[in-house]
Amino acid sequence: MTKILVAGILAGCLLMIPAGISEASYGLYAQRLLKDDHTVKITLTLISIFRLLSKIGSISGSLVFSILAEIIGRKYTITAISIPYIISCITFQLTSTYMMGCVANFLTGFSIGGAYSILPIYIGEVATKSSRGRLISLLHTSFILGRFFVGAILGQFFIKNSLPVINFTTGVLAIFAAILSIAFVTETPYFYLKKVKHELVKISLQKIRRENANYELELTEIQERKTFGIPDNGVGKGMFFKYKWLKPYLLLTCLYVLIWLSLFLTFSIPVRQTYYDANIDPEIKALVVGGVNLVSSLVILLLIDKLGRKLSLMYSFAAITGICLVFFVLKQSKAPLDVLFIIYPSISIAINIGVGPVPSVLLGEIFPLNQKMICSGISNAVYFTLQAVMLALDELNLKYDSFPNIHVYISFIVSTASVLIIKLFYIETKCKSLSEIERELNR
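Here it is as structure tokens:
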């Protein structure tokens with residue numbers, strides 16, 4: 000890989016680590032603000048609203064940054080994503096009121112939405128077809144690393160003063176990402192292609208592929224616009240060819256829905272109790288769950304370009320089905336609490352081998368050039384809307400848990416059906432150029 004390509008991927012990872020940090024520190028921020036602000040009382044609803052504002056920010060950021068990327072390009076949009084992160088860190092550090100904390104949390108979500116929408120597209124456009132899967136999956140691993148940093152490392156060593164460390168770390172990472180993107184990252188050839196700047200297409204590809212012997216072949220393919228309007232014989236009849244964005248959008252939206260329904264078991268109070276009721280030291284539990292989560296997110300980097308996207312998703316959904324069955328068996332047999340604890344890290348493994356990283360990989364691969372960024376923004380807006388709905392349902396679940404195992408039943412049914420749906424309706428994209436993927440989707 001060239002230095003330019005490494006810089007682009009590193010900048011993306013530096014922007015995803017704060018997303019994981021934020022996901023793991025909502026409760027810490029909300030409790031500190033509600034404790035310091037004597038005008039409000041600490042309630043579960045206010046904590047939920049605080050977290051929900053981040054998701055609303057992510058929905059907004061997904062749309063705004065995707066539009067911005069079409070205007071100023073991927074490179075400078077990556078730089079712009081850093082700015083709300085930095086403002087948010089400063090605000091969190093200086094404020095002691097709940098309302099200003101909500102504003103800061105919205106800004107954090109705003110950057111997170113932009114990162115989820117722009118970074119997979121950028122890496123998908125600059126990576127080679129043989130490495131695209133694992134390079135985009137690095138974004139998911141970086142997110143998990145951020146969560147591990149808060150849950151396992153800060154939880155052990157900075158228990159009383161973790162929030163200043165979180166603010167400082169997030170701000171520094173965002174600043175470094177901005178410096179990298181300004182100084183070293185180059186614009187993608189696909190952005191220049193859409194702007195009909197063919198000479199810049201060549202220059203951009205030369206910078207990215209300086210050491211690649213197949214550079215001329217790739218340039219020819221891009222310049223012939225094979226991806227964006229010249230169908231093979233027999234291809235292009237019907238609605239999906241006329242609206243090339245429609246099929247990938249439906250596939251990705253359907254995948255998001257299947258994932259969230261299959262992960263309903265994580266909202267089950269009995270499943271959560273497998274973590275909290277285990278007679279294991281809390282610090283050890285945090286390290287075990289965080290460590291398993293991080294390691295399993297690294298393992299998929301070795302597999303996703305070999306197994307492919309379809310098999311990774313199918314194995315992941317099948318693993319969730321298996322976890323549901325194991326949970327029922329252990330509960331019925333009244334297994335010891337320490338044995339039931341294995342359910343929690345097992346869920347992390349099932350997520351990280353497929354349903355965690357693969358949606359971002361597909362996001363960076365399947366959309367056509369002319370609608371790529373706006374489709375990415377809308378898809379992520381749907382993704383974060385589903386998260387917001389889940390948060391609202393979770394609060395109701397904690398208040399009115401009349402059917403404690405209904406979540407596990409839903410997960411079992413949906414994850415089982417998802418294996419068949421992925422097998423029948425989704426295409427394999429590994430080791431295929433963006434041109435080949437689009438032609439296959441248009442068949």
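Each residue of the sequence shown is one higher than the last, beginning at 0 in numbering that gives the first Met the number 0.
All residues carry an ideal CB built from backbone N, CA and C; glycine is no exception.
These figures come from a predicted structure and were not determined experimentally.
In the DSSP annotation of this structure, Glu186 is not part of any alpha helix (DSSP H), being labelled neither H nor E. If the five residues before and after Ala349 are omitted, its C-beta is found closer than 7 Å to the C-beta atoms of Ser315, Ala318, Ile319 and Ile322, all from its own chain and listed in chain order. Here Pro356 carries a coil assignment [DSSP, helix/strand/coil]. Fewer than three pairs of CB atoms, one per stretch, sit closer than 8 Å, so the segment 23 to 35 makes no contact with the segment 357 to 370.
Exclusion of the five residues before and after Leu4 leaves Val125 and Ile207 as the residues of its chain whose Cβ lies within less than 7 Å of its Cβ. Under the DSSP assignment, Ile86 falls in the alpha helix (DSSP H) whose first and last residues are Arg73 to Leu93.
The criterion of a C-beta distance shorter than 8 Å is satisfied by Tyr121 and Thr187. Taking 8 Å as the cut-off, the Cβ atoms of Ala285 and Asp337 do not count as close. DSSP places Asp276 outside both helix and strand once states are collapsed to three, so it counts as coil. When Ser24, Thr44, Ile178 and Leu9 are compared, the shortest CA-CA separation from Leu395 is found for Thr44. With respect to the 8 Å criterion, Lys128 and Lys431 are classified as neighbours on the basis of their beta carbons. The DSSP-derived three-state label of Cys430 is coil. Counting the other Cβ atoms within 10 Å of the Cβ of Lys243 gives 16 or more, which makes it buried.
About 7 Å separates the beta carbon of Gly145 from that of Ala23, a gap short enough to meet the 8 Å contact definition. For Val294, the three-state secondary structure derived from DSSP is helix. The count of Cβ pairs closer than 8 Å, one atom from the segment 71 to 86 and one from the segment 128 to 144, stays below three, leaving the stretches out of contact. In its chain, beyond the 5 residues on either side, Ser129, Ser130, Arg131, Gly132, Arg133, Lys429 and Cys430 have a beta carbon closer than 8 Å to the beta carbon of Asp304. Ranked by Cα distance from Gly72, the first of Tyr191, Ile16 and Ser110 is Tyr191.
For Ser295 against Asn351, the beta-carbon gap comes to about 4 Å, under 8 Å, which counts as contact. Put simply, the backbone Cα of Ala151 is about 17 Å away from that of Asn166. Between the alpha carbons of Met15 and Phe327 lies a gap of roughly 35 Å.
Here the segment 100 to 110 makes contact with the segment 47 to 54; the two share three or more CB pairs at distances below 8 Å. Distance between Arg209 and Gly7, taken at the CA atoms: about 15 Å. Looking at Leu62, Ile55, Ala114 and Val298, the one whose alpha-carbon comes closest to that of Thr140 is Val298.
Secondary structure note for Val407: its alpha helix (DSSP H) is the uninterrupted segment Ile405 to Phe424.
By the neighbour-count criterion, in which 16 or more other beta carbons inside 10 Å mark a residue as buried, Thr219 falls on the exposed side.
C-alpha of Lys193 to C-alpha of Glu69: approximately 9 Å in a straight line. Secondary structure of Glu364 (DSSP, three-state): coil. Classified as buried, Phe64 has 16 or more neighbouring CB atoms from the shown chains inside 10 Å of its CB. Taking C-beta atoms as the reference points, Ile342 and Thr273 count as a pair closer than 8 Å. Straight through space, the alpha carbons of Met0 and Leu440 are spaced by roughly 29 Å. Under the three-state reduction of DSSP output, Ser129 falls in the coil class, being neither helix nor strand. A straight-line Cα-Cα distance of about 31 Å links Ser136 and Gln92.
For Thr169, the uninterrupted alpha helix (DSSP H) run begins and ends at Ser161 to Ala182, by DSSP. Under the three-state reduction of DSSP output, Thr320 falls in the helix class.
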